[in-house]
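Input: a single structure, listed below in structure tokens.
Number of protein chains: 2
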Amino acid sequence: MTRQELVNVLLKRASGKPGTRGEAFAPANIALCKYWGKRDAELNLPVNSSLSISLGKLGTKTVIKFSKTADKIFLNGKPAPKAFAARLSAYLDLFRNEGQFFEVRTKNNIPTAAGLASSASGFAALVKALDQLLGWGFNPRELSMLARIGSGSASRSLYEGFAVWHAGQRADGMDSYAEALNREWPSLRIGILEVSKARKKTGSTEGMNRTSETSELYESWPKQAECDFDELRTAIAAEDFPMLGKTAENNALAMHSTMLAAWPPLCYWKPQSIALMQKVWAAREAGIELYFTMDAGPNLKLLFLKEDQAAVKALFPKVQVVNPWI
Amino acid sequence: MTRQELVNVLLKRASGKPGTRGEAFAPANIALCKYWGKRDAELNLPVNSSLSISLGKLGTKTVIKFSKTADKIFLNGKPAPKAFAARLSAYLDLFRNEGQFFEVRTKNNIPTAAGLASSASGFAALVKALDQLLGWGFNPRELSMLARIGSGSASRSLYEGFAVWHAGQRADGMDSYAEALNREWPSLRIGILEVSKARKKTGSTEGMNRTSETSELYESWPKQAECDFDELRTAIAAEDFPMLGKTAENNALAMHSTMLAAWPPLCYWKPQSIALMQKVWAAREAGIELYFTMDAGPNLKLLFLKEDQAAVKALFPKVQVVNPWI
Chain A
0 MTRQELVNVL LKRASGKPGT RGEAFAPANI ALCKYWGKRD AELNLPVNSS LSISLGKLGT
60 KTVIKFSKTA DKIFLNGKPA PKAFAARLSA YLDLFRNEGQ FFEVRTKNNI PTAAGLASSA
120 SGFAALVKAL DQLLGWGFNP RELSMLARIG SGSASRSLYE GFAVWHAGQR ADGMDSYAEA
180 LNREWPSLRI GILEVSKARK KTGSTEGMNR TSETSELYES WPKQAECDFD ELRTAIAAED
240 FPMLGKTAEN NALAMHSTML AAWPPLCYWK PQSIALMQKV WAAREAGIEL YFTMDAGPNL
300 KLLFLKEDQA AVKALFPKVQ VVNPWI
Chain B
0 MTRQELVNVL LKRASGKPGT RGEAFAPANI ALCKYWGKRD AELNLPVNSS LSISLGKLGT
60 KTVIKFSKTA DKIFLNGKPA PKAFAARLSA YLDLFRNEGQ FFEVRTKNNI PTAAGLASSA
120 SGFAALVKAL DQLLGWGFNP RELSMLARIG SGSASRSLYE GFAVWHAGQR ADGMDSYAEA
180 LNREWPSLRI GILEVSKARK KTGSTEGMNR TSETSELYES WPKQAECDFD ELRTAIAAED
240 FPMLGKTAEN NALAMHSTML AAWPPLCYWK PQSIALMQKV WAAREAGIEL YFTMDAGPNL
300 KLLFLKEDQA AVKALFPKVQ VVNPWI
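These protein sequences, in sequence, are chains A and B. Here the first sequence is numbered in numbering that gives the first Met the number 0, starting from 0 and rising by one per residue. Here the second sequence is numbered in numbering that gives the first Met the number 0, starting from 0 and rising by one per residue.
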């Protein structure tokens with residue numbers, strides 16, 4: 000099935016009428032159990048289910064209107080870079096009538112493409128804004144599937160708080176959507192440690208492909224991921240923070256391990272990443288309940304509880320603390 | 000079977016008479032396919048076969064005599080540290096008659112326990128020196144098995160050049176010995192990049208145990224290792240350097256990957272290790288046939304051919320180049 004065929008199936012369910020404007024915000028999300036490997040590259044269907052936490056107010060705000068002559072794409076107030084605009088217009092092709100163009104104004108309050116998942120919040124916000132503009136009246140699951148074909152992890156950015164993205168089994172991907180866990184954990188905090196803002200040399204999709212094709216250790220990944228997914232759900236239900244932290248950190252390190260064992264080796268880490276990891280491990284040995292996760296990039300995202308915030312800030316003065324619940 | 004029982008079986012094959020002195024040198028060795036995981040901890044029987052290259056003149060020289068009252072152990076001209084002396088005396092217990100003591104003078108010309116495998120050359124030199132002192136008249140396979148129960152990788156340090164250590168299948172380990180490959184590759188060079196001389200916090204045996212017990216990705220290791228072992232033998236027979244380099248580097252990164260995915264995470268790397276790896280990858284992208292391997296430590300061992308030695312020295316002014324063939 001092609002992406003266009005999937006979109007056509009969904010558009011048949013649309014109920015409302017087009018308006019003149021859509022505006023939406025979607026949060027960035029950080030996976031605690033990572034999306035790493037595609038069972039279908041065309042439809043962005045994942046090998047394994049994943050679980051994330053959204054970053055509250057950090058994310059993307061997008062306004063969309065119709066445009067008369069051509070697509071006009073703005074990023075953070077300026078005409079968007081070519082590659083960004085081209086990717087967005089290609090996505091809009093899936094939805095436009097003949098001769099229909101869009102004006103899209105999108106703003107990120109997180110760094111773009113530094114492993115902080117701005118494509119996730121970007122496609123999620125775009126889909127929500129499109130739903131308003133075109134009057135689809137879709138439910139979150141349907142929006143999640145549309146976001147997914149823009150960027151896999153965008154499926155999870157439809158939601159605040161914890162979200163799970165079901166891998167599903169169907170070839171058409173109609174069972175591969177995200178949904179909210181609806182469990183608040185008010186004391187949970189995220190700390191962003193930025194090692195580099197630079198755009199990564201190897202994008203996530205290329206990284207996934209190289210890993211699944213060449214890394215012998217990738218064979219063990221799907222089993223670990225499904226196991227971690229279940230453990231995290233259990234940890235969240237029980238508010239068991241050490242279990243959550245351990246599982247998330249181990250999952251991230253296992254993902255990076257599959258990359259390091261690929262050929263050519265894929266290493267998103269910088270020397271500073273190792274220094275920060277070792278600082279986290281030393282803090283934990285000293286009794287602080289502090290864990291980290293990392294996406295396909297050099298930055299660390301700390302996981303800790305509100306009561307340890309002062310200790311974490313003392314150890315990492317540059318940390319940007321995010322309260323996912325506001 | 001215990002180590003003592005294995006020693007007793009072998010000692011029944013001894014043919015000569017004790018002398019008054021033994022003196023032997025054994026080279027350090029660097030595994031191109033790593034020994035990582037034990038199928039029998041008592042007998043140091045490995046999960047997978049491994050393949051190494053010995054470091055020529057870098058290694059351990061040991062002189063052994065009888066001592067009247069107690070073991071006297073010297074390391075690099077000074078009374079050996081307690082832990083070192085205790086490990087050595089415990090090993091000598093396997094061979095001593097009642098009331099028999101030894102004086103052992105051992106010298107390393109490589110750093111001790113910085114991932115440069117001085118325990119490998121140490122036990123290999125000791126076994127060769129013991130063979131002279133006690134007049135066993137053992138062949139290299141038998142000496143290799145005795146060295147193995149001192150330190151697994153010592154089984155390979157009995158030989159110059161390339162050596163293979165067969166994992167074997169027998170419970171008594173009598174098929175788990177190393178032998179020389181007897182293939183010279185005169186243009187092959189090793190470059191040692193020392194990141195740290197510090198003794199590692201987690202020893203290899205503890206690291207292997209933690210990894211095999213807790214790392215989900217370790218499940219894929221034995222298959223990869225056996226595959227790499229075969230590839231390396233093919234590469235050596237064909238003198239195919241890119242194949243040798245790629246397989247060795249991938250094998251080392253896969254081993255470190257299994258550790259990173261253990262719990263607690265096991266990371267022998269320092270920030271400088273990542274910086275050096277990235278420098279190797281950049282050199283390769285620039286067209287230099289340069290690869291690396293790493294043991295359970297932060298140091299890199301470069302692999303390259305004689306014709307690239309000047310380029311490698313220009314890139315890494317501190318590299319210590321080893322010609323394994325002299």
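Every residue, glycine too, gets a C-beta built ideally from N, C-alpha and C.
Check: DSSP state of B:Ile-109 mapped onto helix, strand, coil; Outcome: coil
Check: Proximity test, Cβ basis, 9 Å: A:Cys-32 and chain B; Outcome: no
Check: Short CB-CB distance (under 9 Å) between A:Tyr-217 and chain B; Outcome: yes
Check: Distance, A:Val-62 Cα to A:Arg-104 Cα; Outcome: 5 Å
Check: Spatial neighbours of A:Gly-167 in its chain, beta-carbon cut-off 8 Å, leaving aside the 5 residues before and after; Outcome: Leu-44, Met-173, Asp-174, Ser-175 and Tyr-176
Check: Counterpart residues of B:Gln-319 in DSSP-defined beta bridges; Outcome: B:Ile-191
Check: Residues bridged to B:Thr-292 (per DSSP); Outcome: B:Lys-300
Check: Contacting residues, own chain, Cβ-Cβ under 7 Å from B:Asp-307 (five flanking each side not counted); Outcome: Ile-287, Glu-288 and Leu-289
Check: Contact set between the stretch 256–282 of chain A and chain B, restricted to residues whose Cβ is under 8 Å from the partner; Outcome: Ser-256, Thr-257, Leu-259, Ala-260, Trp-262, Pro-263, Pro-264, Cys-266, Trp-268, Lys-269, Pro-270, Gln-271, Ser-272, Ile-273, Ala-274, Met-276, Gln-277 and Trp-280
Check: Secondary structure of B:Glu-41, DSSP reduced to three states; Outcome: coil
Check: Interface residues of the stretch 239–256 of chain A facing chain B [CB-CB below 8 Å]; Outcome: Lys-245, Glu-248, Asn-249, Leu-252, Ala-253, His-255 and Ser-256
Check: 8 Å contact criterion, which B:Val-194 and B:Asn-298 should meet: CB distance rounded; Outcome: 5 Å
Check: Close Cβ partners of B:Ala-30 (< 6 Å) along its chain, the five nearest in sequence each way excluded; Outcome: Ser-49 and Ser-51
Check: Assigned exposure category for B:Gly-76 - 16 Cβ within 10 Å defines buried; Outcome: exposed
Check: Under 9 Å from the C-beta of B:Lys-317: neighbouring residues of chain A; Outcome: The premise fails here: B:Lys-317 is roughly 17 Å from chain A at the closest Cβ pair, so nothing lies under 9 Å.
Check: Residue(s) in a DSSP beta bridge with B:Phe-65; Outcome: B:Phe-101
Check: Residues from the stretch 98–112 of chain B in contact with chain A, defined by Cβ distance under 7 Å; Outcome: none
Check: Per-residue burial, B:Ala-85 [other beta carbons within 10 Å of its own, 16 or more giving buried]; Outcome: exposed
Check: Where the alpha helix (DSSP H) containing A:Glu-205 begins and where it ends; Outcome: 203–213
Check: Limits of the alpha helix (DSSP H) - the one that A:Gly-36 falls within; Outcome: Counting along the chain, A:Gly-36 falls outside any alpha helix (DSSP H), and DSSP gives it neither H nor E.
Check: Against chain B: residues of the stretch 188–208 of chain A by CB proximity under 7 Å; Outcome: none
Check: Contacts that A:Lys-222 makes with chain E (C-beta to C-beta distance below 9 Å); Outcome: Of the chains in the structure shown, none is chain E; the protein chains are A and B.
Check: Exposure of B:Val-392, with buried meaning 16 or more beta-carbon neighbours within 10 Å; Outcome: Because chain B spans 0 through 325 in this model, residue 392 of chain B falls outside it and cannot be assessed.
Check: Buried versus exposed call for A:Glu-215 [16 or more other C-beta atoms within 10 Å across all chains shown]; Outcome: buried
Check: Spatially closest choice to B:His-255 from B:Ile-189, B:Ala-27, B:Tyr-217 and B:Asp-130, by CA coordinates; Outcome: B:Tyr-217
Check: B:Lys-71 - containing beta strand (DSSP E), residue span; Outcome: 71–74
Check: Reference B:Glu-248, options B:Leu-259, B:Phe-303, B:Glu-238 and B:Glu-212, closest by Cα; Outcome: B:Phe-303
Check: Exposure of B:Pro-264, with buried meaning 16 or more beta-carbon neighbours within 10 Å; Outcome: buried
Check: Where A:Ala-79 sits in the DSSP three-state scheme; Outcome: coil
Check: Buried versus exposed, by CB contacts within 10 Å (16 or more), B:Thr-233; Outcome: exposed
Check: Three-way DSSP call (helix, strand, coil) for A:Ala-23 in this model; Outcome: strand
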